[in-house]
Amino acid sequence: MIEYKWQKEIKKEFYLVIAGGIMASALGGATLATILHKDPTTIRPAATSNRRETELKPTPAPEAFAEKPATPKEEKLELGRKPIDLDDEVEPGSEFYSFRQELRQGVTERNAYFIRSILPADGISLGFNSPRRIEELGLENPDERFWSLLEKAIANSCAAEASDNYPVDPGTTVWICSNVTKEFYRQYPAPTSASGLDWELNHAIVVGRGVNVRSRPSLNSEVISSLSNEVVKLDRPAAEKQWQEEVEKSREVDPIYGWTPVIIPNGERGYVYNRYVYGPLENRAVFGKVAGEWQLLSMPGGD
9 MIEYKWQKEI KKEFYLVIAG GIMASALGGA TLATILHKDP TTIRPAATSN
59 RRETELKPTP APEAFAEKPA TPKEEKLELG RKPIDLDDEV EPGSEFYSFR
109 QELRQGVTER NAYFIRSILP ADGISLGFNS PRRIEELGLE NPDERFWSLL
159 EKAIANSCAA EASDNYPVDP GTTVWICSNV TKEFYRQYPA PTSASGLDWE
209 LNHAIVVGRG VNVRSRPSLN SEVISSLSNE VVKLDRPAAE KQWQEEVEKS
259 REVDPIYGWT PVIIPNGERG YVYNRYVYGP LENRAVFGKV AGEWQLLSMP
309 GGD
């Protein structure tokens, strides 16, 4: 697959970060890259007794597999708020729409047989690593991190892309899920003064309406605010500390069942449940047709 300029920049920055002893992360944790590039046999998902808990909301929030993320109501935004539009380009009733429905169901059920049927025979790349063999994905384990990555990627909106740079059937469309990264770059491009990946590593995108911001990383903590489809600052020092703690425990932070430290527009610090937070460098799922069948081609991002 041809790499775009921003993808090359990400790789370049990644190696510079490693050389400097700083670890990078998709959510602003500079340690995520270290986690991802460790020997997979030494990394285990974090043990979470409340993995299936769902963050409560003051107003109904989209389910993990909502057809389309809710859009904020027409209202006067507070100073400093950054709303983001995440329109789903998938037409209801279309072929990809039906496939995505089936895929969401398969992921919900942790249907390993179905997922194997849509993976390339030689494996799939996660981030910018070499392809991982299917047997290395741990599909038989419903708590394996791959499941959470895929679940989160397909939970909301998708965007169409030309198929010229992908090994797919000629004349077909490639779909990128989610479209959060694309829309972040389109609606909030990095200023010319931004250095390297600082712009990406200092922001987080909250997807959903009335998503709770809590005082601590716990469902039992106080709700200090709520956010609706908007870009906020990542509390980077807190995020880096969080990732470092996971590294020291030789485990990974789950993309869904965990917490992201953020700074809301009024300057207050809090935590948002990971299911509803995307980083600009978040893993995306790339789908295309190969020999007439839909296939999960790769999952770039995350490094």
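Position 83 of the sequence shown, counting from 1, maps to 91 under the numbering used here, and the rest follow consecutively.
For glycine and all other residues, C-beta sits at the position ideal for the given N, C-alpha and C.
- Anticipated Cβ contact below 8 Å, M307 with I132, distance rounded: Your numbering for residue 307 matches position 299 in the sequence shown. Your numbering for residue 132 matches position 124 in the sequence shown. Cβ-Cβ separation between M307 and I132: approximately 7 Å, consistent with a contact (criterion under 8 Å).
- Query: Whose CA, out of D243, G216 and N210, lies closest to the CA of S223?
  - Reply: Within the sequence shown, numbered from 1, the residue matching residue 223 stands at position 215. That would be D243, whose Cα lies nearest to the Cα of S223.
- Query: Which residue's Cα is closest to the Cα of D262: A120, G310 and F295?
  - Reply: Position 254 of the sequence shown, counted from the first residue, corresponds to residue 262. Ranked by how close their Cα comes to the Cα of D262, the residues A120, G310 and F295 have G310 in first place.
- Per-residue burial, S186 [other beta carbons within 10 Å of its own, 16 or more giving buried]: Indexing the sequence shown from 1 puts residue 186 at position 178. Its Cβ being crowded by 16 or more others within 10 Å, S186 is buried.
- Task: Give the range of the beta strand (DSSP E) segment to which T268 is assigned.
- Result: Sequence index remark: in the sequence shown, residue 268 carries index 260 (1-based). W267 to I271 is the extent of the beta strand (DSSP E) around T268.
- To the nearest angstrom, how far is it from the Cα of G266 to the Cα of A129? On the sequence shown, position 258 is the one that residue 266 refers to. On the sequence shown, position 121 is the one that residue 129 refers to. Using only the alpha carbons, I get a separation of about 32 Å.
- Nearest neighbour of E97, chosen from D151, E152 and T181 [CA to CA]: Against the sequence shown, residue 97 aligns to sequence position 89. For E97, the nearest C-alpha among the options comes from T181.
- Helix, strand or coil for N237, going by three-state DSSP, please let me know. Along the sequence shown, one-based indexing puts residue 237 at 229. DSSP, reduced to helix, strand and coil, places N237 outside both helices and strands of the structure shown, so it counts as coil.
- Query: Looking at the structure shown, is G309 part of a helix, part of a strand, or coil, going by DSSP?
  - Reply: Counting from 1 along the sequence shown, the entry for residue 309 is found at position 301. Here G309 carries a coil assignment [DSSP, helix/strand/coil].
- Nearest-angstrom Cα separation, counted from Y281 out to A163: Here residue 163 is taken as the residue at index 155 of the sequence shown, counted from 1. Here residue 281 is taken as the residue at index 273 of the sequence shown, counted from 1. Each residue's CA atom was taken as its position, placing A163 and Y281 some 15 Å apart.
- What is the C-beta distance between I213 and Y279, in whole angstroms, given that I count them as a contact (C-beta under 8 Å)? If you number the sequence shown from 1, residue 213 lands on position 205. If you number the sequence shown from 1, residue 279 lands on position 271. Not confirmed; about 15 Å, so no contact.
- Taking contact to mean at least 3 C-beta pairs separated by less than 8 Å, is the region 114-123 in contact with the region 192-212? Counting Cβ pairs under 8 Å, fewer than three are found: no touch.
- Beta-carbon proximity check, V298 vs D172, cutoff 8 Å: For this step, residue 298 is matched to residue 290 along the sequence shown. For this step, residue 172 is matched to residue 164 along the sequence shown. Not a contact, by the Cβ cut-off of 8 Å.
- S226 burial status per 10 Å Cβ neighbour count (16 or more: buried): Stepping through the sequence shown from its first residue, residue 226 is reached at position 218. Answer is exposed; the Cβ neighbour count stays below 16.
- Query: Is Q113 buried or exposed, if buried means 16 or more other CB atoms sit within 10 Å of its CB?
  - Reply: Your numbering for residue 113 matches position 105 in the sequence shown. It counts as exposed.
- Give the single residue among E103, V240 and S106 whose Cα lies nearest to the Cα of V221. As a working note, residue 221 is residue 213 in the sequence shown. Of the candidates E103, V240 and S106, the one whose C-alpha sits nearest the C-alpha of V221 is V240.
- Cβ shell of L94 (< 7 Å), same chain only, five flanking positions each side left out: Taking the first residue of the sequence shown as position 1, residue 94 is located at position 86. Only P77, N164, S165, N187, V188, E191, V215 and N237 meet the Cβ criterion.
- Message: In this structure, how does DSSP classify L242 when only helix, strand and coil are distinguished?
- Response: As a working note, residue 242 is residue 234 in the sequence shown. In the structure shown, L242 falls within a strand segment according to DSSP collapsed to helix, strand and coil.
- Item | Presumed contact (8 Å Cβ cut-off) between I184 and E208, rounded CB distance | The residue given as residue 184 occupies position 176 in the sequence shown. The residue given as residue 208 occupies position 200 in the sequence shown. No, I184 and E208 are not in contact; Cβ-Cβ is about 17 Å, not under 8 Å.
- Task: Indicate whether I272 and S229 have their beta-carbon atoms separated by less than 8 Å.
- Result: Residue numbering aside, residue 272 sits at position 264 when the sequence shown is read from its first letter. Residue numbering aside, residue 229 sits at position 221 when the sequence shown is read from its first letter. Contact: no.
- Extent of the continuous beta strand (DSSP E) run through K297: Taking the sequence shown and counting its residues from 1, one reaches residue 297 at position 289. Residues A293 to V298.
- Query: Would E99 be called buried (16 or more neighbouring beta carbons within 10 Å of its own) or exposed?
  - Reply: As a working mapping, residue 99 is identified with position 91 in the sequence shown. In this structure E99 is exposed. Its beta-carbon is surrounded by fewer than 16 other beta-carbon atoms within 10 angstroms.
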